[in-house]
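Working notes for the structure below.
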Amino acid sequence: MQLRIKLGREARGALAKDRTSGDAVSQTMTRYIIRRLLWGVLLLIVVAALLFLMFRYLPTADPAKLRAGRLQSPQIIAEIRHTYGLDKSLPAQFWLYMKNLFLHFNLGYSYYSNAPVKELLFNRLPATLSLVFGGAIVWVITGLSVGIISARRAGSRLDRASMSSALVLVSAPEYWLGLIVLYLFAADIGRVHIFPGAGSYVGLTYDPVKWFESLILPWLVVAAGSAAIYARLIRGSLIETMGEDYIRTARAKGLPERTVVLRHGVRAAINPVVTVLGVDIGVLLGSSVLVETVFNIPGIGRLNYIAITHADFPIVQGTVLFAALVIIVANIIVDIAYAYLDPRVRYS
53 MQLRIKLGRE
63 ARGALAKDRT
73 SGDAVSQTMT
83 RYIIRRLLWG
93 VLLLIVVAAL
103 LFLMFRYLPT
113 ADPAKLRAGR
123 LQSPQIIAEI
133 RHTYGLDKSL
143 PAQFWLYMKN
153 LFLHFNLGYS
163 YYSNAPVKEL
173 LFNRLPATLS
183 LVFGGAIVWV
193 ITGLSVGIIS
203 ARRAGSRLDR
213 ASMSSALVLV
223 SAPEYWLGLI
233 VLYLFAADIG
243 RVHIFPGAGS
253 YVGLTYDPVK
263 WFESLILPWL
273 VVAAGSAAIY
283 ARLIRGSLIE
293 TMGEDYIRTA
303 RAKGLPERTV
313 VLRHGVRAAI
323 NPVVTVLGVD
333 IGVLLGSSVL
343 VETVFNIPGI
353 GRLNYIAITH
363 ADFPIVQGTV
373 LFAALVIIVA
383 NIIVDIAYAY
393 LDPRVRYS
């Protein structure tokens with residue numbers, strides 16, 4: 053009876069210890085997330101400050117004269133300066149810009165159309181998101197599949213062929229690859245009419261079927277180079293991981309090879325892929341102009357290109373800030389995901 057009571061006390065003590073340890077880990081993770089969020093906000097402020105100073109000090113056209121258009125009278129230009137706060141000191145202009153940005157998410161107004169930059173971005177955002185996230189799904193699935201197969205058959209003809217093809221795709225510029233596939237497969241100019249919707253984007257809410265058809269080729273073009281990089285990353289990381297002691301232990305326990313590779317090997321080898329995935333998505337959101345131009349997709353990339361050609365700097369500033377925000381958030385999510393993907397990772 054005394055032994056049973058003693059064992060019961062020890063079990064309760066161990067349970068309480070595990071619960072305390074779990075609470076400590078949860079608190080540590082919460083503090084880490086809060087610190088990362090604060091650093092993200094600080095980094096966004098630094099990016100906004102650099103963009104603000106760059107567009108104020110670079111030898112560019114006068115914003116008030118651009119907004120005035122043909123009405124270049126001194127009175128109208130003075131009124132425009134007063135309306136947009138351009139007659140205030142530089143610190144006062146920056147404070148007003150940051151206050152509007154963080155309190156109202158106000159990115160300013162276009163010099164040419166006088167439309168809110170936020171509205172212009174949100175109108176173009178669905179097309180860019182469709183391109184980026186659809187392409188990301190394609191390149192992650194393709195890259196991981198090819199990389200895992202190549203790692204399991206390292207040195208074989210299949211491995212050499214896939215890695216050689218990956219090198220070619222990495223070296224191929226997106227605009228060149230887009231023009232090639234348009235010439236081969238587009239409905240109007242293509243030699244083989246496999247993708248009838250290519251080159252004429254249709255919104256998802258307007259017609260989901262035509263939306264999907266119009267984005268098949270852009271997704272493949274966007275995914276080609278990234279999938280090749282991911283295949284090489286996962287191949288090298290998985291080959292190294294499969295030589296670890298815990299992999300040999302899993303095999304010694306009699307686990308199926310598929311389980312050993314996917315559950316133990318890939319989970320530990322996927323960290324490099326997760327690292328670049330967050331950055332790639334954010335970068336592509338801000339640099340998709342080439343693919344959007346080739347395939348006639350009305351996204352943020354084309355909006356930014358048009359703004360640059362017309363010196364419409366509020367739009368350029370807004371698109372760069374949006375891309376920076378996406379990259380910062382993606383990196384925070386990646387850092388948090390490390391602890392769940394790899395049990396060896398701990399945050400302090």
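Numbering (the working numbering) for the sequence shown: 53 to 400. Every residue, glycine too, gets a C-beta built ideally from N, C-alpha and C. Please read these numbers as outputs of a predicted model, since none were measured by experiment.
- Exposed is the label assigned to ARG87, since fewer than 16 other Cβ atoms lie within 10 Å of its Cβ.
- Distance between PRO168 and ASN323, taken at the CA atoms: about 40 Å.
- Close CB contacts of LEU148 within its chain, under the 6 Å cut and outside five residues either way in sequence, are with GLY137 (chain order).
- Following the DSSP letters along the chain, one finds PHE154 inside the alpha helix (DSSP H) bounded by residues 142 to 156.
- ALA130 and SER141 have their C-alpha atoms roughly 15 Å apart.
- Nearest C-alpha to TYR235 among GLY195, SER223 and LEU269: LEU269.
- C-alpha of VAL343 to C-alpha of GLY230: approximately 7 Å in a straight line.
- VAL346 is positioned such that its CB atom lies closer than 8 Å to that of TYR227.
- Rounded to the nearest whole angstrom, the C-alpha separation of PHE104 and PHE146 is 7 Å.
- By alpha-carbon distance to ILE232, the top candidate from VAL273, VAL261 and ARG204 is VAL273.
- By the Cβ neighbour-count rule, TRP91 is exposed, with fewer than 16 other Cβ atoms within 10 Å of its own.
- Within a 10 Å sphere around the beta-carbon of HIS134 sit fewer than 16 other beta-carbons, which makes this residue exposed.
- Buried is the label assigned to GLN369, since at least 16 other Cβ atoms lie within 10 Å of its Cβ.
- Inter-segment contact for the region 344 to 363 and the region 314 to 332 is absent: fewer than three beta-carbon pairs are separated by less than 8 Å.
- The distance from the Cβ of GLY317 to that of THR293 is about 5 Å, consistent with a contact at the 8 Å cut-off.
- TYR282 carries a helical assignment under DSSP once its states are collapsed to helix, strand and coil.
- Looking at the backbone, the Cα of SER214 and that of SER202 are separated by about 7 Å.
- Sequence-distant partners of LEU377 (beyond 5 residues in either direction) whose C-beta falls short of 8 Å from its own C-beta, in its chain, are LEU96.
- The continuous alpha helix (DSSP H) containing ASN356 extends over residues 352 to 361.
- In this model, GLN127 and VAL99 are separated by some 34 Å (Cα to Cα).
- ILE286 and ILE132 have their C-alpha atoms spaced approximately 55 Å apart.
- Around the beta carbon of ASP364, a 10 Å sphere encloses 16 or more other beta carbons of the protein chains shown; the residue is thus reported as buried.
- At a Cβ-Cβ threshold of 8 Å, LEU173 and PHE374 count as neighbours.
- The residue from THR194, PRO178 and GLY277 with its alpha-carbon nearest to that of TYR258 is PRO178.
- In this structure, DSSP gives TYR298 a helical state, which the three-state scheme calls helix.
- PRO168 is bridged by DSSP to TYR161.
- ALA389 is positioned such that its CB atom lies closer than 8 Å to that of VAL326.
- The residue from ARG303, TYR282, ALA321 and ASN383 with its alpha-carbon nearest to that of ILE193 is TYR282.
- Going by C-alpha positions, ALA224 is about 26 Å away from THR371.
- When rounded, the separation of the alpha-carbon atoms in GLY186 and SER162 is 30 Å.
- PRO366 and SER165 have their C-alpha atoms roughly 11 Å apart.
- DSSP places SER266 within a helical segment (H, G or I) once states are collapsed to three.
- Within the model, the alpha-carbon separation for VAL93 versus LYS151 is close to 14 Å.
- For the set ALA218, ALA302, ARG303 and ARG212, the Cα lying nearest the Cα of TRP191 is the one of ALA218.
- Around the Cβ of SER182, a 10 Å sphere holds 16 or more other Cβ atoms; the residue is buried.
- A straight line joining the alpha-carbon of ALA321 with that of SER289 spans about 5 Å.
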